[in-house]
Amino acid sequence: MLLYLFFLAAVIIINSGIASANTYPSGNAECKLITTENGSVTVDQSDPSCADTIAYKKAKCGGIGFLDEKFSECAAYNIIAAILDMISGAINYCINLIMSILTYTPDISGAKESYDKVLKVVQSLYSLLISILGLYWIFGARSYEGRVNVKIWAERVIAIIIIESVGFFLFSTALKLNSYISSSLLSNVQLSTDIVSLAWTNVAIVIAAFFMVGFILLTALVLIVRQFLIFIMLYMFPFTLMLFLLPSTRQWGSFLMNITMLVIFIGSVDVIMVYAASNITGMAGIFELDGAIKPLATITIFALIGMIDIWLFLSTVHFTSAATTVISTGLSGTNTAAGVVSNLPQLAQPEIITRK
Numbered sequence: 000m001l002l003y004l005f006f007l008a009a010v011i012i013i014n015s016g017i018a019s020a021n022t023y024p025s026g027n028a029e030c031k032l033i034t035t036e037n038g039s040v041t042v043d044q045s046d047p048s049c050a051d052t053i054a055y056k057k058a059k060c061g062g063i064g065f066l067d068e069k070f071s072e073c074a075a076y077n078i079i080a081a082i083l084d085m086i087s088g089a090i091n092y093c094i095n096l097i098m099s100i101l102t103y104t105p106d107i108s109g110a111k112e113s114y115d116k117v118l119k120v121v122q123s124l125y126s127l128l129i130s131i132l133g134l135y136w137i138f139g140a141r142s143y144e145g146r147v148n149v150k151i152w153a154e155r156v157i158a159i160i161i162i163e164s165v166g167f168f169l170f171s172t173a174l175k176l177n178s179y180i181s182s183s184l185l186s187n188v189q190l191s192t193d194i195v196s197l198a199w200t201n202v203a204i205v206i207a208a209f210f211m212v213g214f215i216l217l218t219a220l221v222l223i224v225r226q227f228l229i230f231i232m233l234y235m236f237p238f239t240l241m242l243f244l245l246p247s248t249r250q251w252g253s254f255l256m257n258i259t260m261l262v263i264f265i266g267s268v269d270v271i272m273v274y275a276a277s278n279i280t281g282m283a284g285i286f287e288l289d290g291a292i293k294p295l296a297t298i299t300i301f302a303l304i305g306m307i308d309i310w311l312f313l314s315t316v317h318f319t320s321a322a323t324t325v326i327s328t329g330l331s332g333t334n335t336a337a338g339v340v341s342n343l344p345q346l347a348q349p350e351i352i353t354r355k
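Numbering (numbering that gives the first Met the number 0), first residue to last: 0 to 355.
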């Protein structure tokens with residue numbers, strides 16, 4: 000992936016140099032573009048500054064016969080244009096798929112019945128815990144401190160049961176918030192992904208676009224897997240809340256809660272990247288990209304989304320696992336230290352020697 004990014008940077012520099020060689024008197028380094036009736040953008044075939052684009056070459060090759068001296072040159076341009084057409088078609092299909100997935104929020108209302116079945120299992124565990132607290136109150140809590148601890152635990156379990164009862168609502172609200180963020184940011188996004196009509200006659204463009212197809216397919220696959228993970232984390236949410244709210248299992252609950260929040264809000268992170276790409280590539284100055292470079296840069300963002308999502312997921316798993324290990328080690332060390340401290344009075348007692 001890093002090699003591809005270096006290669007893309009080289010393509011941008013090379014094509015920027017090519018574009019700057021064909022400037023208007025006004026200093027504009029971009030050849031004249033025309034918007035057709037169907038909304039597509041193509042180059043002005045009467046503009047000499049567009050002479051190095053594939054669309055220009057392909058148009059000028061129209062009507063060239065087999066015996067014409069330019070036949071071999073035109074055949075090469077037509078082959079490159081055909082390859083770019085196929086690649087561009089695949090890229091546009093994948094990008095449209097990605098955009099539809101980013102703005103799609105699964106309807107989890109149909110999963111309410113299955114969620115309630117899982118919730119009943121968790122509630123039975125709470126009933127068992129309350130029964131244990133009651134038995135301990137009767138037979139075990141003989142001291143004032145013991146009864147206070149039982150009372151605190153009983154209040155805590157009741158609070159957890161109340162939170163569990165609105166767990167489905169909390170999960171649904173988080174999904175709606177992610178959907179609101181995604182739809183708000185993508186409502187005014189204008190993406191340019193046409194690399195065929197704007198491409199310069201540089202084989203690097205074809206190679207870069209070819210490699211992007213695989214990464215964009217990876218992005219689409221990652222986002223599709225996320226849709227399945229949403230339902231998996233939904234069914235696990237009662238257990239996640241239970242483990243997260245109980246002090247003795249909070250480190251494991253934090254792990255599941257972090258994964259759940261990541262699965263829900265990773266869509267917003269992806270949308271922010273797309274939104275940033277659509278704005279940065281149109282900014283004046285160093286980010287003002289011309290020709291095929293602007294759509295190439297935009298498409299690269301889509302190619303990177305899948306890699307970034309995988310990195311975020313693995314980083315979350317690694318960080319939470321490391322934190323859980325640290326907490327467990329700290330608790331173990333605390334218990335060991337407490338045992339040593341409790342034995343200090345015994346260790347401090349002088350040895351009594353009995354003489355016969």
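We put the beta carbon where it would ideally sit given N, CA and C, even for glycine.
Could you have a look at residue 242 and say whether DSSP puts it in helix, strand or coil? helix
Would you tell me roughly how many angstroms separate the C-alpha atoms of residue 276 and residue 300, rounded to the nearest one? 7 Å
Anyone know if the C-beta pair for residue 153 and residue 214 falls short of 8 Å? No. Outside cutoff.
Measuring CA to CA, which of 74, 113 and 176 is closest to residue 267? 176
Looking only at its chain, what residues have a beta carbon closer than 7 Å to the beta carbon of residue 233, apart from the 5 residues adjacent to it on each side? Same-chain partners within the cutoff: 107, 110, 114 and 170.
At which residues does the alpha helix (DSSP H) containing residue 186 begin and terminate? No alpha helix (DSSP H) holds residue 186; DSSP gives it neither H nor E.
Using only the alpha-carbon positions, how far apart do residue 90 and residue 219 sit? 11 Å
How long is the line joining the alpha carbons of residue 184 and residue 314, rounded to whole angstroms? For residue 184 and residue 314, the distance between alpha carbons rounds to 26 Å.
With distances taken from CA atoms, which of 297, 209, 246 and 309 is nearest residue 258? 309
If you scan the region 107-174 from start to end, which runs of the alpha helix (DSSP H) of 4 or more residues do you find wholly inside it? 111-134 and 143-164
Exposed or buried, which one is residue 262 when buried takes at least 16 other CB atoms within 10 Å? buried
Would you call the CB atoms of residue 237 and residue 101 closer than 8 Å? no
Exposure of residue 333, with buried meaning 16 or more beta-carbon neighbours within 10 Å: At residue 333, the pLDDT of 42 sits below 50, so the modelled position is not reliable; the number obtained from the coordinates is stated separately. Exposed: under 16 other Cβ atoms inside 10 Å.
By the three-class DSSP mapping on this structure, what secondary structure does residue 20 have? With a pLDDT of only 40 at residue 20, under 50, the local geometry of the prediction cannot be trusted, and no value is derived from it.
From residue 128 to residue 116, what does the alpha carbon distance come to, in whole angstroms? 19 Å
Proximity to residue 269 [Cα-Cα], best of 222, 245 and 96: Scanning 222, 245 and 96 for the CA closest to the CA of residue 269 turns up 222.
Would residue 149 pass as a contact of residue 136 if the rule is Cβ separation under 8 Å? yes
In angstroms, rounded to a whole number, what distance separates the CA positions of residue 209 and residue 307? 20 Å
Proximity to residue 73 [Cα-Cα], best of 186, 58, 86 and 83: 58
Can you check which of these residues, 297, 311 and 98, is closest to residue 278 by C-alpha distance? 297
Report all residues from its chain with a CB closer than 7 Å to the CB of residue 216; omit the five preceding and five following residues, and keep chain order. 93
What residue from 305, 82, 316 and 79 has the CA that sits closest to residue 224's CA? Among 305, 82, 316 and 79, the Cα nearest to that of residue 224 belongs to 305.
What's the C-alpha gap between residue 227 and residue 105? 9 Å
Which of the three DSSP states is assigned to residue 76 in this structure? helix
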